[in-house]
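Trainee:
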Amino acid sequence: INLLLRFYDPTEGEILVDGINIKEMDLNFLRNYFALVLQDIFMFAGDIKYNIILNNEVEDNKMIEYSKYVNAHNFISKLKKKYRNVVSEGGSNLSTGQRQLIAFARALAKEPRVLILDEATSNIDSETEYLIQDAIKKIMKGRSSIAIAHRLSTIQDVNRIYVMSKGKIVESGTHSQLLAQKGYYFELYKFQYLKT
Numbered sequence: 001i002n003l004l005l006r007f008y009d010p011t012e013g014e015i016l017v018d019g020i021n022i023k024e025m026d027l028n029f030l031r032n033y034f035a036l037v038l039q040d041i042f043m044f045a046g047d048i049k050y051n052i053i054l055n056n057e058v059e060d061n062k063m064i065e066y067s068k069y070v071n072a073h074n075f076i077s078k079l080k081k082k083y084r085n086v087v088s089e090g091g092s093n094l095s096t097g098q099r100q101l102i103a104f105a106r107a108l109a110k111e112p113r114v115l116i117l118d119e120a121t122s123n124i125d126s127e128t129e130y131l132i133q134d135a136i137k138k139i140m141k142g143r144s145s146i147a148i149a150h151r152l153s154t155i156q157d158v159n160r161i162y163v164m165s166k167g168k169i170v171e172s173g174t175h176s177q178l179l180a181q182k183g184y185y186f187e188l189y190k191f192q193y194l195k196t
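So the sequence shown is numbered by UniProt numbering: it starts at 1 and just counts up by one.
Here you go:
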């Protein structure tokens, strides 16, 4: 992710986006091309609206549409001040799941070409997992997405899974193909879902 967003430049090889070397792309353009949802979501001191739109020009009706789309509107609409409800720095007055849903709405507000989810479901409670899985399916639909996940439920429906071990790709395929291979992915799946 750090290489893709040019926080660091590759020491060898090149990274192409739409056939263009990222070193030749305007840095702001490149970073706006992607939206990133991380494991640890940072919330800024302000209100929920600000934490969704940040510096993007988004009309209220679009912001609410994005929030509904990712299942965030349900909890936001129950708050006393709704989208104007104050968020403390770091978001300590919101649950982990609520922060995650706001982060998905934030990603949509950016209208990215590519979505990157980095362990976006690792810290959620089981009650919120369904809402978040549903949100992930919705925001990945129709756009290129990269999902980095240890929780296999996050990636079961994607077009292609690359399994990495010790920094190397050891397997690739769909969920069902990888299970049929009975390799490393299969062992991870057994560990997560078939515990006795």
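Even glycine gets a Cβ: it sits at the ideal position worked out from N, Cα and C. Computed from a predicted structure; not experimentally measured.
Where does residue 152 sit, in a helix, a strand or coil, going by DSSP?
Mentor: Note: residue 152 maps to helix in three-state DSSP.
Trainee: Can you tell me which of 188, 34, 165, 5 puts its alpha carbon nearest to the alpha carbon of residue 109?
Mentor: 34
Trainee: Rounded to the nearest angstrom, how far is the Cβ of residue 170 from that of residue 164, given a contact under 8 Å?
Mentor: 7 Å
Trainee: Could you please give me the residues that DSSP links to residue 34 through a beta bridge?
Mentor: The bridge partners DSSP lists for residue 34 are 114.
Trainee: Which partner residues of residue 162 appear in the DSSP bridge assignment?
Mentor: 172
Trainee: To the nearest angstrom, how far is it from the Cα of residue 88 to the Cα of residue 5?
Mentor: Those two C-alpha atoms are separated by around 28 Å.
Trainee: Which same chain residues end up closer than 8 Å to residue 136 when comparing Cβ atoms and leaving out the 5 residues on each side of it in sequence?
Mentor: 104, 117, 120, 121, 147, 154, listed in sequence order.
Trainee: With DSSP as the reference, identify every bridge partner of residue 146, one or two as the case may be.
Mentor: Answer by DSSP bridge pairing, in chain order: 116.
Trainee: Work out the CA separation of residue 18 and residue 43 for me, nearest whole Å.
Mentor: Rounded to the nearest angstrom, the two C-alpha atoms are 32 Å apart.
Trainee: Can you give me the C-alpha to C-alpha distance between residue 183 and residue 37, rounded to a whole angstrom?
Mentor: 29 Å
Trainee: Could you name the residues of the same chain whose beta carbon sits closer than 8 Å to that of residue 144, not counting the 5 residues immediately before and after it, in chain order?
Mentor: 113, 114, 115
Trainee: What residue range is occupied by the uninterrupted alpha helix (DSSP H) comprising residue 44?
Mentor: First-last for residue 44: undefined, no H or E at that position.
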